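In my numbering, the protein residues as written are 252 to 582. We put the beta carbon where it would ideally sit given N, CA and C, even for glycine. If you're wondering where the values come from, they're calculated on a predicted model, not measured in any experiment. Please read the structure below before turning to the comments.
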């Protein structure tokens, strides 16, 4: 079940600012269980329970990708990066170009070693690259349906490794939205003591824009981001795939609330949920609530983050769903 949900949701293209199709699929999933509304910036919101707002859980819908900024006279597409993409990952890649009419195959070409007469091995910066869609002129590219402000994503390949791991592009943060959907399905029939908001946010990869909009309108006691924990390196110490969800205690955006971290750790232990704690880079939606709420990031370790081969362990995702539900009940 989780594998098929991940396969379906990661296959949907949706860079920051272009999350519509992801949001449509989530509304389809949620419709039998709960009412979902869309706010002014595009976040998808589900409210469970009544009374005082106790907690908000956020997972972002967007992914990194490429925004088409122009069409050259030779028919190739120029672009800018949206989100944190290592330039090394662009060279010689297949992409899907997403237009109003559908998808087009595209490639980012590479100079073959046979023609590299200077012997240079430097990384080619993104602004020196272009997407080839097979058009021989600007006019032909336009006839194919490409316009400025269309976008492109890495070609998606979904792999299940050794019946334990899933590897594909956009697990960050589509695993998070799957976790929230599954938690909502389990919680919807329970009598909750207060109101809980589950938010599927937009534009996280370009500065937590959807979460900042939420922070202007809501004042929860607790704010949780359900997002990736980039692993595994010396920075992340002994956090590893398969050892359970991660309390993301510190990253580049926040030193999260220590008291809440300890409380969630105790909730996990009480409910027999394996748990890890660690430090990583990047930032999360929860950080923007830091001036008004106790904040924490609940994660699972993701290997090879922000690449075409992001990898998670299915047992970690299953445990994360249980942890979210336990946190709701125990808080």
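Presumed contact (8 Å Cβ cut-off) between residue i and residue j, rounded CB distance
i: residue 316; j: residue 403; result: 6 Å
i: residue 346; j: residue 359; result: 6 Å
i: residue 449; j: residue 547; result: Their Cβ separation, rounded to whole angstroms, is 15 Å, which puts residue 449 and residue 547 out of contact at 8 Å.
i: residue 424; j: residue 478; result: 5 Å
i: residue 461; j: residue 292; result: 6 Å
i: residue 270; j: residue 337; result: Wrong, their Cβ atoms sit about 23 Å apart, outside the cutoff.
i: residue 304; j: residue 469; result: 6 Å
i: residue 554; j: residue 482; result: 6 Å
i: residue 505; j: residue 541; result: 6 Å
i: residue 262; j: residue 407; result: 5 Å
i: residue 451; j: residue 274; result: 7 Å
i: residue 573; j: residue 524; result: 5 Å
i: residue 264; j: residue 272; result: 7 Å
i: residue 382; j: residue 328; result: 4 Å
i: residue 518; j: residue 466; result: Actually they do not touch by this definition, with Cβ atoms about 24 Å apart.
Bridge partner(s) assigned by DSSP for residue i
i: residue 374; result: For residue 374, which the question treats as bridged, DSSP gives no partner whatsoever.
i: residue 344; result: 359
i: residue 475; result: 308 and 547
i: residue 444; result: Answer is none; residue 444 lacks a bridge partner.
i: residue 553; result: 481
i: residue 353; result: 350
i: residue 369; result: Answer is none; residue 369 lacks a bridge partner.
i: residue 288; result: 296
i: residue 489; result: DSSP, once it has assigned bridges, lists no residue as partnering residue 489.
i: residue 506; result: 501
i: residue 382; result: 328 and 359
i: residue 449; result: 297 and 308
i: residue 266; result: 314
Residues of its chain near residue i, where Cβ-Cβ distance is below 6 Å and the 5 sequence neighbours each way are ignored
i: residue 559; result: 405 and 420
i: residue 350; result: 396, 397 and 401
i: residue 375; result: 342
i: residue 278; result: 287
i: residue 392; result: 322, 326 and 386
i: residue 256; result: 429
i: residue 527; result: 490, 494, 495 and 497
From the options, residue whose alpha carbon lies closest to that of residue i
i: residue 562; options: 293, 411, 468 and 373; result: 411
i: residue 413; options: 531, 289, 493 and 521; result: 493
i: residue 571; options: 557, 552 and 295; result: 552
i: residue 521; options: 384, 582, 428 and 535; result: 582
i: residue 516; options: 312, 499 and 338; result: 499
i: residue 490; options: 531, 301 and 309; result: 531
i: residue 584; options: 267, 429 and 545; result: There is no way to answer for residue 584, as the model of the chain reaches only from 252 to 582.
i: residue 307; options: 333, 550 and 537; result: 537
i: residue 258; options: 339, 275, 330 and 426; result: 426
i: residue 507; options: 527, 524, 549 and 452; result: 549
i: residue 501; options: 408, 472, 535 and 518; result: 535
i: residue 281; options: 409, 434 and 459; result: 434
i: residue 459; options: 301, 310 and 357; result: 310
i: residue 455; options: 539, 579, 369 and 356; result: 539
i: residue 301; options: 447, 354 and 371; result: 447
Chain-order list of residues whose beta-carbon lies under 8 Å from that of residue i (same chain, five-residue window excluded)
i: residue 254; result: 411, 417 and 565
i: residue 569; result: 253
i: residue 352; result: 396
i: residue 422; result: 257, 261, 479, 553, 561, 562 and 563
i: residue 289; result: 274, 295 and 296
i: residue 415; result: 493, 564, 565 and 566
i: residue 579; result: 306, 434, 438, 443 and 447
Cβ neighbours of residue i in the same chain (closer than 7 Å, five flanking residues each side left out)
i: residue 439; result: 284, 285 and 299
i: residue 389; result: 322, 323, 324 and 326
i: residue 332; result: 317 and 377
i: residue 472; result: 305, 306, 544 and 545
i: residue 320; result: 329, 330, 331 and 399
i: residue 556; result: 423, 479 and 481
Residue interval of the alpha helix (DSSP H) (run including residue i)
i: residue 427; result: 422-438
i: residue 261; result: 253-261
i: residue 540; result: Where residue 540 is concerned, there is no enclosing alpha helix (DSSP H), given that its DSSP letter is neither H nor E.
i: residue 461; result: 460-468
i: residue 272; result: 271-281
i: residue 394; result: 389-394
Start-to-end residues for the beta strand (DSSP E) that takes in residue i
i: residue 412; result: 410-412
i: residue 564; result: 562-564
i: residue 298; result: 295-299
i: residue 319; result: 316-322
i: residue 417; result: 416-418
i: residue 529; result: 527-530
i: residue 332; result: 328-333
i: residue 512; result: Run containing residue 512: none in the beta strand (DSSP E); it sits in the alpha helix (DSSP H), 509-521.
i: residue 339; result: Run containing residue 339: none; DSSP gives neither H nor E here.
i: residue 404; result: 402-405
i: residue 500; result: 497-501
is_contact[residue i, chain D] using C-beta, thresh 8 Å
i: residue 481; result: In the structure shown, chain D does not exist; there is a single protein chain.
Near the ligand HEM: residue i beta-carbon under 7 Å from a heavy atom
i: residue 564; result: As for the ligand HEM, it is missing from this structure, which has no ligand bound.
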